[in-house]
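Notes follow the structure.
Protein chains: 2
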Amino acid sequence: MEGRRSSVVGRQKETGFFYPRLTTDDSRLFLDPIFKPKSIALIGASRRESAVGHAVFKNVLLGSYQGIIYPVNSSADSVLGVRCYKSILDIPDPVDLAVLVVPSESAVSVFQECIKKGVRGAVVISAGFKEVGAEGAAREKELARLATKHRIPLVGPNCLGVINTAANVKLNASFGRDMPASGRIAFVSQSGALCTSVLDYAKGANIGFSKFISMGNKAQVTELELLEYLGEDKETDVILMYLEDLAHPRALIDAARHISGEEAHLKPILAIKSGRTAAGARAASSHTGSLAGSDEVYTAIFAQGGILRVDSVDELFDYAKAFSVRRFPKSGRIAIVTNAGGPGIMATDACVRHGLTMAELSDATRAELKKHLPSTASLSNPVDVIGDAQHDRYQAALKTVLRDQHVDSVLVILTPQAMTDIEEIARTIGTISSKSSKPILACFMGIVDVSGGVKILEQWNVPHYRFPESASRALGALARYAAWVKRPRTVKKEFFVNRKSVQSIFKSALTEGRKYLSPEETFGVLGAYGFTTLPMEVCSAPAQAGEAAKKIGAPVALKIYSPDIIHKIDVGGIRLNICSPGQAQKEAREMLEEVRRKSPASRILGVVVQKMAKKGQEVILGLKRDAQFGPMLMFGLGGTYVEIMKDVTFRIAPIRELGAHNMIHSIRSYPILEGVRGQRPADLAKLEECLERLSQLAVECPEIAELDINPLMAYEKGKGCVVVDARILLGDQNIR
Amino acid sequence: MEGRRSSVVGRQKETGFFYPRLTTDDSRLFLDPIFKPKSIALIGASRRESAVGHAVFKNVLLGSYQGIIYPVNSSADSVLGVRCYKSILDIPDPVDLAVLVVPSESAVSVFQECIKKGVRGAVVISAGFKEVGAEGAAREKELARLATKHRIPLVGPNCLGVINTAANVKLNASFGRDMPASGRIAFVSQSGALCTSVLDYAKGANIGFSKFISMGNKAQVTELELLEYLGEDKETDVILMYLEDLAHPRALIDAARHISGEEAHLKPILAIKSGRTAAGARAASSHTGSLAGSDEVYTAIFAQGGILRVDSVDELFDYAKAFSVRRFPKSGRIAIVTNAGGPGIMATDACVRHGLTMAELSDATRAELKKHLPSTASLSNPVDVIGDAQHDRYQAALKTVLRDQHVDSVLVILTPQAMTDIEEIARTIGTISSKSSKPILACFMGIVDVSGGVKILEQWNVPHYRFPESASRALGALARYAAWVKRPRTVKKEFFVNRKSVQSIFKSALTEGRKYLSPEETFGVLGAYGFTTLPMEVCSAPAQAGEAAKKIGAPVALKIYSPDIIHKIDVGGIRLNICSPGQAQKEAREMLEEVRRKSPASRILGVVVQKMAKKGQEVILGLKRDAQFGPMLMFGLGGTYVEIMKDVTFRIAPIRELGAHNMIHSIRSYPILEGVRGQRPADLAKLEECLERLSQLAVECPEIAELDINPLMAYEKGKGCVVVDARILLGDQNIR
């Protein structure tokens, strides 16, 4: 905990806050009044059956809440037979939690009464805040300000409420249709309406929850605090989230890593982040008034935090079923046992598509299978026990493949054929699964005939699926999660750099009111952070270019120097392979003329004479500081790979060694860096180091708004990388 | 029909047969005895309840078959109270269809009796054929031979049987658990076990079938004949197929295009092709003993035939539900009506991911919506009618967006909130949908609470889904299909070419026992087919290279000429930009030395002197003749795009104009051809023409086994393409 808490402090320095960040040392204690209140005041409890205030009150009562609930209603004496109070201040006993279902206009004053009463937590269900415009947003801001000032956690506004199914609490403070079954899955949603659907789906699919939280507008309590709370929650094994934006991206990464990524206390986190596409993001901003960032950044955040990103609700619960068994494969080698060849092929296809490999069964396994299976059965993987198989054959096959050391997980497929004793087979799988340390998933293909078997699988806690595709996808997710947990633990390196010289560069540029650094300054900053840069000189006249070429030594390149021209080549602003000072002078003159002609509006500050780079593999390193996400690093191959194929990867700085490694390995064109057609592999170690240095630069120099190293020339293994061209843009001073 | 039949003859010349092709003019009449028999002999009808021969007989009886069934059993007098015959020959009346459920050893002799009896069709359910080894394969071959000789259609062996739910037939000649409901979907499966699962799934999901066919080993009747039959079947609106391989790929393309692609009689075809991945294909070949081809080729075949390829069974039926309503969108502009923002965003994400665009609602539509919806509702797309919406608000919103000319289809999302009158809303959607020409899909999110509404949607024939992802995916499929139907109709061009000179080149090479054509021969073939090639000369000595350079004119390139060296650059076998005859002679000598040193085992036949190509965009055109698929064309960009990014596309020759267009547009790197960073667009028209010429070459010259044009240099619009390097390999004479 100690290390973690200190990193919380660290991250507060790194990222600006979009939402007011709660200044708490321990989310667990802080949120307890929300989830485990001893007493509740429901302000706005209503006698009118169609009212939300009625539904919430009824849910608390019918959910067998273990504490005391006090309905508050200014005009009624009782609701559902329970005595009412005119105001929360009239309640004679202490109140832990205030639940507000009041018109938004009166929410602030009601909340002020709650503060006066000394409540320790609040859930504001009422709508009419940020989502309806400026006036609502002002009210919401005031609620959050008051809550934070008085150290009261506040969930909402504009939410469905919260549910805790724990036996000693049994709180359904929501207006969902009814209390969900108890289970070990927690669900956090930024959409209240989705909650009602998820509750109904869970009811039909026999899925239970530990906690169920509708976050609403996230005025104060956000997914970060909830995640930290659920991370410590003993009743929760898997955390599911539906998100439309993130309040504290960098902090979420740290919290999620800690919760999901440590073998000592594994707790997988699965999330839907909607608003993936540009059109989707538009809908998001009209919906919650929140700013949705670019999708690639969320992918990076989830990857860095070890959060499994999923696309749909059924995928989310397909995975949750598999994860809640808490049995994870050693690696991705899967065995399939099936009574039908076709579905076996489909499952194989799907497994491979989801990153698994088909286990090669050992000779001993095949020999053992041969003893138990008919001669026409397939003894290789998928193991086909043939259509007339009954539970004895399934039992033999399943036990045998489970014993094989090459098998990490098993998918059992059943098609309901004439001879199939479906329920006996389900029982057999259940019995074996309960004793196995390897995950076993079942796919009983169909709906009606297999329903008896499915019920038995549920009793035995065996995750089951209707078709091979969804089962394989869930197994793939298990394996990805297992790989994440087993990842090598690396550190964030700290390089010795010359911060002082960088600061003086920034200072002089800012003093002169310049946002773009000059080529010399840019190379100065990069050099101070340990990047190798090519010798170069900025020249204001052609004659000077000749001298510079002489000093630097042929061959040289000429580049136009203009803060207004980004794609120099498009305006004739690049000349390569110049072999003599005379030629340098001549071409500098010609180039200046050409660029002035082609780009008359651009300010031209001179010509850069630079040592020609030896040919290598061009890559691009980038940094962009985002108000919401903080410093984002980018990596990709040069040229069309970035521009056309969009083959780039992002991470939020700072990154660890493994992060740099993963960035380089995750682009599609990575094999090019390993060397194609007889080329030697690029200096990957040095590339990783460059990314780590860039990460340090990003964190230590908040003055930089954008930085492009394009290209960085990567040479073969052991020969390093050289910055050929780069560009640094300083930010407004308020973006840090 | 006339045109189609003649193309059937044409295609028989193009493709070798993997299976014996049925010589029939009219599949419809040919297969009628299978699907509409007036009388059936069930040979192997059994009194033993666990026997397949019992299950099939019972299914025929309980399915209310409208004809007469004669059980045949050599030892029993009756089965289920029906009089038995010792042999089919003992049946006093004519028999249309023989269904065989007999040991595989006796299948051939039993079938010979059937022939003697004069049956007009056969379904062989028995297993024990190709799938169990050589002996079984021989039996299967003999069955097929006899069937084809006597012009009797034979389905199977090793299958579940066939089902026809038509009211005047009601035939369930299968051993599935029970008769499916009647419907307008036909299902054809290469996996019998999958059939049992699909029947169970359909029972649970209230899906009905017109025909249901388990093809088994496809000894004689294959998916091609079945597709042609179902294409003409008046009871079938949508055809679903599960395939593990294809018997007649080229013929299937033609048949599928005709069935699915003509507006006059639309019949969508949806297919799962399993064995997609390498591991999957391994399972396929151990399962059916059939050869599965590379996955990209199947993608090409399905694209060319207008067959929608899907990955999983639930996707297949999700689509079938939407397609069976037979209402297709004009284009991909979708409107979403929802009572919840979050699910609206999820749907938007999914729609965009599946190729749809969010419709821009007109001002009139927004004004009209404003009249009916509360002030907090979203009037833009997705239209959010807010959580407390009841059917009146849904009705107003749905009617309004349907009237908007910018809307081609509508997705209605419902989350079961406290106020939601689910069943009334379902009825409202049903009523509106029944009068609409635009497709309307419903997504009632949940299971239990929404079940009453779902039942009503089913009564109204509104396709419904549990979550936005699957609904959006189905809508995307509808739009893709609609676009396919509306595709421009183009022709297969016929270029004037010099076939005679090509034939004489082949003849002389084959006479000399050479399979690789020389550079001159290769350019000769391509030149005869209208490709522009660079001037070149093959030289046997360095001095000759100097002369050739003089004749051709500087600058020239030198390339090593060796049938054994494919990647010339790797052994120093390429020298570029040679400016004088003297230099050509010198470099030719040096190159010969270098190549001999680096590749001592290669036969070196000389040096090719060739005019240097001007810089353009390098692309690759390829042709590979496959025993199963026939001539496959390939297209991609040069260099790493093909080798690393695998960014290539395939088609089976011949292709039409549109096919060439689609090949070029379907690679990911296509934008590069349109010009990046100020480059002019490539000569796309000429590139298309090159592909069409290659297609003609592929069809007219079966001697060519493989051909690579790598690179073809494409210049800017209007400036054409030039073959820089190419390679032609002739095939064994039996591959045609």
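Residue numbers (the working numbering), protein chains in the order written: chain A, 5 to 740; chain B, 5 to 740. The beta carbon of each residue, even a glycine, is placed where N, CA and C say it ideally should be.
Sub-8 Å separation of residue i and residue j beta-carbons
| i | j | result |
| --- | --- | --- |
| A:K176 | A:Q70 | With the sequence shown as reference, residue 176 of chain A is identified as Asn, and Lys is not the correct amino acid for it. Not a contact, by the Cβ cut-off of 8 Å. |
| A:A148 | A:A251 | no |
| B:T47 | B:V106 | This sequence places Ile at residue 47 of chain B; Thr is not what is there. Contact flag set, yes. |
| B:G220 | B:G132 | no |
| B:T361 | B:Y398 | no |
| B:I569 | B:V560 | no |
| B:T380 | A:V112 | no |
| B:A90 | B:S78 | According to the sequence displayed, residue 90 of chain B carries Lys and not Ala. Contact flag set, yes. |
| A:I217 | A:F179 | no |
| B:V416 | B:L406 | no |
| B:K496 | B:R660 | yes |
For residue j and residue i, the rounded distance between their alpha carbons
| i | j | result |
| --- | --- | --- |
| A:K723 | B:G642 | 28 Å |
| B:P443 | B:E693 | 38 Å |
| B:H291 | B:F213 | Because the pLDDT at B:H291 is just 33, under 50, the model does not fix this residue reliably, and the value given afterwards should be weighed accordingly. If you take the alpha carbons of B:H291 and B:F213, they lie about 27 Å apart. |
| A:S584 | A:A549 | 11 Å |
| A:S1 | A:C705 | Nothing about residue 1 of chain A can be reported from this structure: the residues present for chain A run from 5 to 740 only. |
| A:V612 | A:T303 | 38 Å |
| A:E462 | B:V454 | 23 Å |
| A:S68 | A:R330 | 29 Å |
| A:C355 | A:F321 | 18 Å |
| B:S544 | B:H571 | 20 Å |
| A:R731 | A:T526 | 6 Å |
| A:D182 | A:H269 | 32 Å |
| A:V542 | A:L691 | 27 Å |
| A:E720 | B:D299 | 36 Å |
| A:V727 | A:G577 | 18 Å |
| A:L295 | A:D630 | With a pLDDT of only 30 at A:L295, under 50, the local geometry of the prediction cannot be trusted, and the value read off the model is given with reservation. For A:L295 and A:D630, the distance between alpha carbons rounds to 12 Å. |
| B:M5 | B:D237 | Note that B:M5 scores a pLDDT of 29, beneath 50, so its modelled location is shaky; the value from the coordinates is reported in the next line. Those two C-alpha atoms are separated by around 15 Å. |
| B:A255 | B:L228 | 7 Å |
| A:L445 | A:A400 | 17 Å |
Residues that DSSP places opposite residue i in a beta bridge
| i | result |
| --- | --- |
| B:E191 | A quick correction: the sequence has Phe, not Glu, at residue 191 of chain B. DSSP, once it has assigned bridges, lists B:F216, B:L244 as partnering B:F191. |
| A:R684 | Its beta-bridge partners do not exist; DSSP assigns none. |
| B:C725 | B:A718 |
| A:R337 | A:T361 |
| A:Q614 | A:M540, A:A561 |
Start and end residues, alpha helix (DSSP H) containing residue i
| i | result |
| --- | --- |
| B:V56 | 56-66 |
| B:V317 | 317-327 |
| A:M595 | 585-602 |
| A:C355 | 345-357 |
| A:F654 | Unbroken run through A:F654 is the beta strand (DSSP E), 652-656; no alpha helix (DSSP H). |
| A:E524 | 523-532 |
Range of the contiguous beta strand (DSSP E) that encloses residue i
| i | result |
| --- | --- |
| B:N714 | 708-718 |
| A:D630 | 621-630 |
| A:N581 | 578-582 |
| B:S79 | From DSSP, B:S79 is part of no beta strand (DSSP E); its letter is neither H nor E. |
**Prompt:** Curious, which full-length alpha helix (DSSP H) runs of at least 4 residues does the stretch 401-442 of chain A contain?
**Reply:** List check, alpha helix (DSSP H) in window: 426-439.
**Request:** Give, in chain order, every unbroken run of the alpha helix (DSSP H) that is at least 4 residues long and sits entirely within the stretch 118-187 of chain A.
**Result:** 138-153
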